[in-house]
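A quick write-up on the structure given underneath.
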Amino acid sequence: MDDEGQQPEYEVGTGMLCVFGRQLKLFRDRAGMDRARLGSLTGYSASTIASFEQGRRIPPPKFIDQADEVLDGGGVLSASKEEVARAQYPAFFRDAARLEAEAVELHVYANQAVPGLLQTEEYARAIFMMMRPPMDDDLIEQRVGARLARQEILSGRDAPLVSFVMDEAVLRRPIGGRGVLRGQLEHILLMGQRRNVEIQVMPLDREENAGMAGPFTLIETKAGQRIAYAEVQNVSRLQTDRDRVRALEAKYGIIRAQALTPRESLAYIEKLLGEP
Numbered sequence: 001m002d003d004e005g006q007q008p009e010y011e012v013g014t015g016m017l018c019v020f021g022r023q024l025k026l027f028r029d030r031a032g033m034d035r036a037r038l039g040s041l042t043g044y045s046a047s048t049i050a051s052f053e054q055g056r057r058i059p060p061p062k063f064i065d066q067a068d069e070v071l072d073g074g075g076v077l078s079a080s081k082e083e084v085a086r087a088q089y090p091a092f093f094r095d096a097a098r099l100e101a102e103a104v105e106l107h108v109y110a111n112q113a114v115p116g117l118l119q120t121e122e123y124a125r126a127i128f129m130m131m132r133p134p135m136d137d138d139l140i141e142q143r144v145g146a147r148l149a150r151q152e153i154l155s156g157r158d159a160p161l162v163s164f165v166m167d168e169a170v171l172r173r174p175i176g177g178r179g180v181l182r183g184q185l186e187h188i189l190l191m192g193q194r195r196n197v198e199i200q201v202m203p204l205d206r207e208e209n210a211g212m213a214g215p216f217t218l219i220e221t222k223a224g225q226r227i228a229y230a231e232v233q234n235v236s237r238l239q240t241d242r243d244r245v246r247a248l249e250a251k252y253g254i255i256r257a258q259a260l261t262p263r264e265s266l267a268y269i270e271k272l273l274g275e276p
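Quick note, the sequence shown lines up with residues 1 to 276 if you use full-length UniProt numbering.
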């Protein structure tokens, strides 16, 4: 499950980012504080504070809490954290990101690129830099940061049980160059050592592969919801119909049976690393 969208729902100077920026400026003016002073108290430059106020950059949660305290916001600014954070993602991915964060189980089949939850910073940046039409540099860095932040769910106290099945082609495609791919494979091996993460490889020489219709993700939330997510060309669909979700669950079970076991898969990735 990934978030490669080109256009965020909150464009520069509009939407939630603009609302938050106006609130921030109002509280700053009320406190009789200029941007340089607020920046010095929160660890940011005056130009960055200006970007936050103008809706051109997404303020991190830590800054929002700091600004609320420094400007005596009474919790108003802090209350916006969740909505501001959602602006990290393109509109089509926002609901999926929320469900992912609530998951107790995640099961991912990938045959195009390494899943976002496993991507290194360099690999993720290379993915976004390939987007057409091109994304501007600020948006690329925003998307990279959001993707890396998503990965925190894999290491928390209540980390979900997560399984990945990746087509071998994904592990051979040198996105970002051979060095970036090597770092990505090494990272996958490290992630595969976690007790809550299982990684499997679907070899190219398999004569049967039930996943030819494309990638998808299965999500089970703490509330017991079972949902399927699929994305093609920045068009996403969340499936909640029980029959459709059950069909994809059955397909995923077959895919896992057709792939290498987790132990075989990690050994296979090590073999790929050893190839010239």
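Even for Gly, the Cβ is constructed at its ideal location relative to N, Cα and C.
Treat the numbers as computed from the prediction; the structure is a model and nothing was measured.
Per DSSP, which one or two residues make a beta bridge with residue 166?
110, 201
Just grab the DSSP bridge partners of residue 217 for me.
108, 229
Name the two residues that bound the continuous alpha helix (DSSP H) containing residue 51.
46–53
DSSP beta-bridge partners for residue 236?
231
Within a Cβ cutoff of 8 Å, which residues of the same chain sit near residue 182, ignoring the five residues on either side of it in sequence?
Spatial neighbours of residue 182 in its own chain (CB-CB distance under 8 Å, excluding positions within 5 residues in sequence) are listed in chain order as 273.
Does the beta-carbon of residue 120 have 16 or more other beta-carbons within 10 angstroms, so that it is buried, or is it exposed?
buried
Out of 263, 166, 44, which has the shortest C-alpha to C-alpha gap to residue 195?
263
Using the Cα positions of residue 46 and residue 125, report the straight-line distance between them to the nearest angstrom.
27 Å
Go ahead and pull the three-state DSSP assignment for residue 87.
Coil, per DSSP.
Should residue 42 be labelled buried (16 or more other beta-carbon atoms within 10 Å of its own) or exposed?
buried
Closest to residue 141 by C-alpha separation, out of 152, 122, 158, 153, would be which residue?
122
Our contact map puts residue 169 next to residue 204 with C-beta atoms below 8 Å; I'd like the distance itself, whole angstroms only.
6 Å
Kindly list the residues whose CB is nearer than 6 Å to the CB of residue 143, restricted to its own chain and excluding five residues on each side of it in sequence; keep chain order.
128
Could you tell me the alpha carbon to alpha carbon distance between residue 172 and residue 151, rounded to whole angstroms?
Approximately 22 Å between the Cα atoms of the pair.
Using DSSP with H/G/I as helix, E/B as strand and the rest coil, what is residue 103?
strand
Kindly examine the ligand ATP and report whether one of its heavy atoms sits closer than 7 Å to the Cβ of residue 192.
The ligand content of the structure shown is nil, which means the ligand ATP is not present either.
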